[in-house]
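Reading through the structure tokens given below for one structure.
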Amino acid sequence: MKRLILLSGLIFLLFHSTALASPPKSEIDQILTEVGWSEEDLVNYLAYYELSLDDFDSSEEIRQLIGSPISNENVAELLVDYDLSRQELDLLLSEFGETVDDYTFIEDLAIALTFYLNHESDINEFREFFTLTGLTDKELETLFSHFIKLKDRVKENEMDALGRRMEAFQSIEDMTTLSHSQKEEVLTIFSNLMTALGFTSHYYLKDTNGIETSVNVNELFQMDELYGNVLGINLYNTEGEYLVDFELSEEMVTSQFLLEFGRELTEFGTLAGALSAQFHSKLPETASSLWINLLAGIFIIGVGIIGYFLTTQEAKEK
Numbered sequence: 009m010k011r012l013i014l015l016s017g018l019i020f021l022l023f024h025s026t027a028l029a030s031p032p033k034s035e036i037d038q039i040l041t042e043v044g045w046s047e048e049d050l051v052n053y054l055a056y057y058e059l060s061l062d063d064f065d066s067s068e069e070i071r072q073l074i075g076s077p078i079s080n081e082n083v084a085e086l087l088v089d090y091d092l093s094r095q096e097l098d099l100l101l102s103e104f105g106e107t108v109d110d111y112t113f114i115e116d117l118a119i120a121l122t123f124y125l126n127h128e129s130d131i132n133e134f135r136e137f138f139t140l141t142g143l144t145d146k147e148l149e150t151l152f153s154h155f156i157k158l159k160d161r162v163k164e165n166e167m168d169a170l171g172r173r174m175e176a177f178q179s180i181e182d183m184t185t186l187s188h189s190q191k192e193e194v195l196t197i198f199s200n201l202m203t204a205l206g207f208t209s210h211y212y213l214k215d216t217n218g219i220e221t222s223v224n225v226n227e228l229f230q231m232d233e234l235y236g237n238v239l240g241i242n243l244y245n246t247e248g249e250y251l252v253d254f255e256l257s258e259e260m261v262t263s264q265f266l267l268e269f270g271r272e273l274t275e276f277g278t279l280a281g282a283l284s285a286q287f288h289s290k291l292p293e294t295a296s297s298l299w300i301n302l303l304a305g306i307f308i309i310g311v312g313i314i315g316y317f318l319t320t321q322e323a324k325e326k
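Laid out in structure tokens, this is it:
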């Protein structure tokens, strides 16, 4: 009996230690050679799926996740499957700011291709809307890529906490009745939201002569109107890299357009989140997309509150 218990314990320890071990370095090096990657490239790829090398028992499991490296042969097969020419494939990817060279594995390219074909009309609608705010096609592509990468940094519990804080303001009909501390809370929530979105921002007012004057969100809250100026919003990522530049006329800011702008922006982010979810569908259990839905609701409310301040204050002046 003691021997049986001892043997069982040894088997358990052996299995447990094996389960926690990553594949041998020689096998990982073989994968890197096949793909043409460095170990850092592989680690970064796995990190997108919230995985590390320690999550795999064998190199075969890694191969099953990453798929097959892109080659001329499997790209040709993909074109046949989708009834596309290479020129049509390149054109479609270019609409999203991508090329075939941006992909390493044919399975990832197939996921993106299916998604883009199914949502090409949606992207065109977003492009048409955001043109009204001065957004270029290149900036739209940049913004889409930014939203896709958000999956790595957004935490659902943080979004849930922001949502609960915003609930206190949803039932308030007249935002001008907010106390100083409540206004400060709205500003703090908006700032936290921008951080969660991976944005840093710069605001400015541009007059009819094209002269720009920097302004912050707190100052915008105190304004009765924009006095004929255009409100400009420069967005950067947290590394300080320029992303996009929106320009909103006074009419846009003091009307339902601002709320529609918030909706369109969050729906655009939701679309990018859906593509991220498609990539994550390669995993046995797909990661939740709750985070992007929470972002959407909170951002719409935040944009609506800012617009409401300017609208009601302008109405009082009249």
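So in the working numbering, the last one in the sequence shown is 326, and the numbering has no gaps at all. In this text, a Cβ means the ideal position worked out from N, Cα and C, and glycines have one as well.
Enclosing alpha helix (DSSP H) for residue i [first to last residue]
{"i": "F152", "result": "D145 to K157"}
{"i": "D49", "result": "E47 to Y56"}
{"i": "E128", "result": "I114 to T139"}
{"i": "F207", "result": "Not the alpha helix (DSSP H): F207 falls in the beta strand (DSSP E), residues F207 to K214."}
{"i": "T185", "result": "Looking at the DSSP string, T185 is not in any alpha helix (DSSP H), and its letter there is neither H nor E."}
{"i": "V108", "result": "That residue, V108, is in no alpha helix (DSSP H); it is neither H nor E in DSSP."}
{"i": "D253", "result": "Where D253 is concerned, there is no enclosing alpha helix (DSSP H), although the beta strand (DSSP E) it sits in stretches over Y250 to L256."}
Proximity below 8 Å, CB of residue i to CB of residue j
{"i": "S34", "j": "F64", "result": "no"}
{"i": "I78", "j": "F113", "result": "yes"}
{"i": "V238", "j": "L195", "result": "no"}
{"i": "V88", "j": "T150", "result": "no"}
{"i": "I74", "j": "Y56", "result": "no"}
{"i": "T107", "j": "D98", "result": "yes"}
{"i": "Q286", "j": "F123", "result": "yes"}
{"i": "F155", "j": "G281", "result": "yes"}
{"i": "Q38", "j": "S76", "result": "no"}
{"i": "R135", "j": "L125", "result": "no"}
Rounded straight-line distance, which links the Cα of residue j to that of residue i
{"i": "V83", "j": "V223", "result": "50 Å"}
{"i": "E192", "j": "E47", "result": "46 Å"}
{"i": "D130", "j": "T141", "result": "18 Å"}
{"i": "L86", "j": "M231", "result": "56 Å"}
{"i": "E259", "j": "K146", "result": "26 Å"}
{"i": "L92", "j": "S199", "result": "45 Å"}
{"i": "T144", "j": "L158", "result": "21 Å"}
{"i": "T41", "j": "D49", "result": "12 Å"}
{"i": "L170", "j": "A120", "result": "31 Å"}
{"i": "G218", "j": "G270", "result": "25 Å"}
{"i": "L205", "j": "N132", "result": "23 Å"}
{"i": "I70", "j": "F254", "result": "42 Å"}
{"i": "H210", "j": "E268", "result": "21 Å"}
{"i": "T221", "j": "E227", "result": "12 Å"}
{"i": "N80", "j": "A176", "result": "57 Å"}
{"i": "H288", "j": "T203", "result": "24 Å"}
{"i": "Y212", "j": "F229", "result": "14 Å"}
{"i": "W45", "j": "E96", "result": "28 Å"}
{"i": "T185", "j": "F207", "result": "29 Å"}
{"i": "E58", "j": "S187", "result": "42 Å"}
{"i": "I36", "j": "Q190", "result": "54 Å"}
{"i": "F265", "j": "T139", "result": "13 Å"}
{"i": "L283", "j": "Y250", "result": "23 Å"}
{"i": "Y90", "j": "D109", "result": "19 Å"}
First through last residue of the beta strand (DSSP E) which encompasses residue i
{"i": "L243", "result": "V238 to N245"}
{"i": "Y90", "result": "It is not in any beta strand (DSSP E) - Y90 instead sits in the alpha helix (DSSP H) that spans N80 to Y90."}
{"i": "E69", "result": "From DSSP, E69 is part of no beta strand (DSSP E) but of the alpha helix (DSSP H) over S67 to I74."}
{"i": "S222", "result": "E220 to V223"}
Same chain, Cβ closer than 6 Å to residue i, five either side skipped, listed in chain order
{"i": "D215", "result": "N237"}
{"i": "V173", "result": "Note that residue 173 is Arg in the sequence shown here, rather than Val. So the list reads I197, once near-sequence residues are dropped."}
{"i": "G248", "result": "none"}
{"i": "P32", "result": "none"}
Contact set for residue i: own chain, Cβ-Cβ below 8 Å, skip 5 residues either direction
{"i": "E128", "result": "L100 and E103"}
{"i": "V51", "result": "S60 and L61"}
{"i": "R94", "result": "V83 and L87"}
{"i": "Y111", "result": "I78, L117 and A120"}
Own chain residues within Cβ distance below 7 Å of residue i, not counting five before or after
{"i": "A118", "result": "L86"}
{"i": "S257", "result": "V238"}
{"i": "Q72", "result": "none"}
{"i": "L279", "result": "H127 and D130"}
beta-carbon residue i near the ligand FMN non-hydrogen atom, thresh 7 Å
{"i": "E258", "result": "Judged by which ligands are present, the structure shown has none, so any question about the ligand FMN falls away."}
Determine contact between the stretch 239 to 247 and the stretch 275 to 286, defined as no fewer than three beta-carbon pairs at a distance below 8 Å.
Not touching, per the Cβ criterion.
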